[in-house]
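In terms of this note's numbering, the sequence shown opens at residue 1155 and continues consecutively.
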Amino acid sequence: MQGKHNEAAAIQTEVLEKSRRILGEEHPNTITAMRDLTSIFYMQGKHNEAAAIQTEVLEKSRRTLGEEHPNTIEAMHNFALMLSIQGEHNEAAAILTEVLEKRRRILGEEHLSTIRVKEDLAIILQRRDKHNEAVAVPVDPEETKPMCSSGHPHVEPKTERLNALSTAKPKIQRLGKASQVVSAVFSHR
């Protein structure tokens, strides 16, 4: 598999170089070629290289397309995921919160992209041990079922995301019970 990723990286690097030369650094197709290279680097485990390019993708998208353009919002989403991979969960959560607000406003609550952001935000909050906040992100497993079927063209099953939510709820319940026990102990003193 690594051989195919190496071949893909070589081809995508060539595509990016030609796009830069022919279309220029700021052209949307060049930015897309950069984004695609980040995905390959990520799959190869080259997270630092992927993050560096993703930072550039976000900056160029903001500058050329504007803050509200779907490609810029997707670049923000991808950048937040890269930050999370690098352990920067607080910054990733802050960016995803902004992305979620934009997705809700522009696309609506039921749109696939909005749901994806909610799921990713819940996972990152879970990783930060912010279980109450993770559960507060309203991700209804029923709304993801149609997208997880083999017939849906855009999404594979999101088991990690749903597992993050399902593990957060029992932890919150245990914390609530522990809090009640501590309160009872101190009230009898």
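Backbone N, C-alpha and C define an ideal beta-carbon position, used for all residues, glycine too.
Is DSSP giving residue i helix, strand or coil here?
{"i": "histidine 1231", "result": "helix"}
{"i": "arginine 1208", "result": "A small fix is needed here, since residue 1208 is glutamine in this sequence, not arginine. If DSSP states are grouped into helix, strand and coil, glutamine 1208 belongs with the helices."}
{"i": "glutamate 1346", "result": "No statement about residue 1346 is possible, as the shown extent of the chain runs from 1155 to 1343 and does not include it."}
{"i": "glutamate 1264", "result": "coil"}
{"i": "glutamate 1273", "result": "helix"}
{"i": "glutamate 1242", "result": "coil"}
{"i": "glutamate 1376", "result": "Because residue 1376 is not part of the residues shown, which for the chain are 1155 to 1343, the question remains open."}
{"i": "lysine 1214", "result": "helix"}
{"i": "serine 1303", "result": "Confidence is the limiting factor: at serine 1303 the pLDDT is only 48, short of 50, which leaves the residue's position unreliable, though a coordinate-based value still follows. Coil."}
{"i": "lysine 1200", "result": "coil"}
{"i": "arginine 1281", "result": "helix"}
{"i": "glycine 1157", "result": "helix"}
{"i": "glutamate 1255", "result": "helix"}
Between the alpha carbons of residue i and residue j, how many angstroms are there, rounded?
{"i": "leucine 1279", "j": "glutamate 1210", "result": "26 Å"}
{"i": "alanine 1163", "j": "isoleucine 1207", "result": "13 Å"}
{"i": "aspartate 1274", "j": "serine 1267", "result": "11 Å"}
{"i": "threonine 1298", "j": "threonine 1251", "result": "For threonine 1298, the predicted structure reports a pLDDT of 49, less than 50, and the residue's modelled location is therefore unreliable. The matter cannot be settled from this model."}
{"i": "lysine 1158", "j": "lysine 1272", "result": "32 Å"}
{"i": "glutamate 1255", "j": "isoleucine 1176", "result": "36 Å"}
{"i": "alanine 1246", "j": "glycine 1178", "result": "30 Å"}
{"i": "alanine 1290", "j": "valine 1169", "result": "Note on alanine 1290: pLDDT 49, under 50, position unreliable in the model; the coordinate value appears next. If I take the Cα positions, the gap works out to 43 Å."}
{"i": "proline 1224", "j": "proline 1182", "result": "12 Å"}
Find out if the Cβ-Cβ distance for the pair residue i, residue j is shorter than 8 Å.
{"i": "alanine 1204", "j": "phenylalanine 1195", "result": "yes"}
{"i": "arginine 1281", "j": "histidine 1243", "result": "yes"}
{"i": "arginine 1174", "j": "threonine 1184", "result": "yes"}
{"i": "valine 1253", "j": "alanine 1234", "result": "yes"}
{"i": "glutamate 1171", "j": "threonine 1218", "result": "no"}
{"i": "threonine 1226", "j": "serine 1238", "result": "no"}
Tell me, to the nearest whole angstrom, how far the beta carbon of residue i is from that of residue j; I am working on the premise that it is less than 8 Å.
{"i": "arginine 1189", "j": "alanine 1229", "result": "7 Å"}
{"i": "glutamine 1240", "j": "histidine 1201", "result": "6 Å"}
{"i": "glutamate 1222", "j": "isoleucine 1269", "result": "Not really, about 19 Å apart at Cβ, beyond 8 Å."}
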